[in-house]
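The block underneath contains the structure these notes are about, expressed in structure tokens.
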Amino acid sequence: MDEKLFSACMVEYKSAVDKYLDACLEETQCASYHKLTDSMHYSLTAGGKRLRAILVLEFCRICGGDVEKALPVACGVEMLHTYSLIHDDLPVMDNDDLRRGKPSNHKVFGECTATLAGDALQALAFETVLKADLPALRVLKCAQVLANAAGHAGICGGQQLDLEWEGKILSAPELEEIYLRKTSALIRAACLMGVAAAGGTKEQEEAAASYADNFGFAFQLRDDMLDVIGDEKTFGKPIGSDREEGKTTFVDILGLNGCQRVIEAHSESAVEALGDMEDTDFLIHLVRVLEKREQ
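In terms of the numbering used here, the sequence shown opens at residue 341 and continues consecutively.
Set out below in structure tokens:
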């Protein structure tokens, strides 16, 4: 797939997701507690890549599903991702003041409202998924996959390990466990939910899971590199924050060149995981773009 076509597909997907999210947010407006809904809106419309939502839609498409009907599923993933970022930035967690190039939610609305906004977005994520006009068993599967990624086996478990091991010099397997739970779990969920929305096969589920695990790990390693060599304005969050907080990253373990080699190896594994699936040019190009991303 050439760059022009890939970019056009990205714009089309992102536009559809943003439009649906705006409609969902419009329904949440309430004058009596507008600060809460303003807080939700602030982070959900802060200019993210919509990567996880796009993965839902693309896996749904290549598995023969209806992309438009999968939009609630995709937007539910994006809402849950945004909740996790709001909570992750809180002073009691990672204590980051900048997100996507803007002040973190709690710096604008206060810690209490930010916490509630994250809680509300998590609830809204499941409400949105459950509204999808898809066969009931597909919707149930999507909700189940999302819940698993959000809970103790996924994001929450990864964040707990991140907190407990802060300041400790971690081994590669320990750090990989954090990444697989805190980052890769939701990317895996997005890919699997796309397959589920289309009513895909077991073989397609397995391919999507393998693609996601490799893609997600490479994505997080690139984050580690950008925390050292990135530009704060482009990256959208403080550079060097991991080191300041005493966190081990794969740059500490492998060095920058070693990280790049591992990223390229996992990127190749992600591509190979797609195997005999048809029309995967977009997913392959996505891997190639993100392994060298600057934000």
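For each residue, glycine too, the CB sits at the ideal point set by N, CA and C. Only a predicted model underlies this, so the values are computations on that prediction, with no experimental measurement involved.
Return the bridge partner residues of residue i from the DSSP annotation.
{"i": "Lys442", "result": "Arg439"}
Going by C-alpha distance, which of the options is nearest residue i?
{"i": "Pro412", "options": "Tyr353, Asp436, Leu626", "result": "Tyr353"}
{"i": "Arg401", "options": "Asp619, Val469, Ser511", "result": "Asp619"}
{"i": "Met350", "options": "Leu626, Glu634, Glu631, Arg633", "result": "Leu626"}
{"i": "Met419", "options": "Leu477, Leu430, Asp358", "result": "Asp358"}
{"i": "Cys482", "options": "Phe449, Glu366, Lys409", "result": "Lys409"}
{"i": "Tyr551", "options": "Gly615, Ser347, Ala537, Ala536", "result": "Gly615"}
{"i": "Gly598", "options": "Lys389, Ala536, Leu561", "result": "Leu561"}
{"i": "Asp459", "options": "Gln484, Pro475, Ala490, Asp473", "result": "Ala490"}
{"i": "Ser424", "options": "Gly497, Met341, Thr541, Phe559", "result": "Gly497"}
{"i": "Leu630", "options": "Met617, Ser609, Ile603, Ala613", "result": "Ile603"}
{"i": "Asn488", "options": "Ala529, Lys587, Lys389, Phe449", "result": "Ala529"}
{"i": "Ala610", "options": "Pro475, Arg601, Gly405, Phe555", "result": "Phe555"}
{"i": "Leu510", "options": "Phe559, Ala476, Val591, His374", "result": "Val591"}
Look at the Cβ atom of residue i, then the Cβ atom of residue j, and state whether they are nearer than 8 angstroms.
{"i": "Pro443", "j": "Asp434", "result": "no"}
{"i": "Cys415", "j": "Leu480", "result": "no"}
{"i": "Thr589", "j": "Asp564", "result": "yes"}
{"i": "Met533", "j": "Leu470", "result": "no"}
{"i": "Ser372", "j": "Ala457", "result": "no"}
{"i": "Val417", "j": "Leu526", "result": "yes"}
{"i": "Ala356", "j": "Arg440", "result": "no"}
{"i": "Phe399", "j": "Phe622", "result": "no"}
{"i": "His381", "j": "Leu391", "result": "no"}
{"i": "Thr455", "j": "His427", "result": "yes"}
On the three-state DSSP scale, how would you describe residue i?
{"i": "Lys471", "result": "coil"}
{"i": "Pro412", "result": "helix"}
{"i": "Met341", "result": "coil"}
{"i": "Ile509", "result": "coil"}
{"i": "Cys452", "result": "helix"}
{"i": "Met433", "result": "coil"}
{"i": "Glu504", "result": "helix"}
{"i": "Val407", "result": "coil"}
{"i": "Cys599", "result": "helix"}
{"i": "Leu594", "result": "helix"}
{"i": "Ala610", "result": "helix"}
{"i": "Glu543", "result": "helix"}
{"i": "Asp616", "result": "coil"}
{"i": "Cys496", "result": "helix"}
At least 3 beta-carbon pairs within less than 8 angstroms: the region 386-403 vs the region 456-465: no
Are the region 496-506 and the region 441-461 touching, with three or more C-beta to C-beta distances below 8 angstroms? no
Should the region 543-555 be regarded as contacting the region 511-518, the criterion being three or more beta carbon pairs within less than 8 angstroms? no
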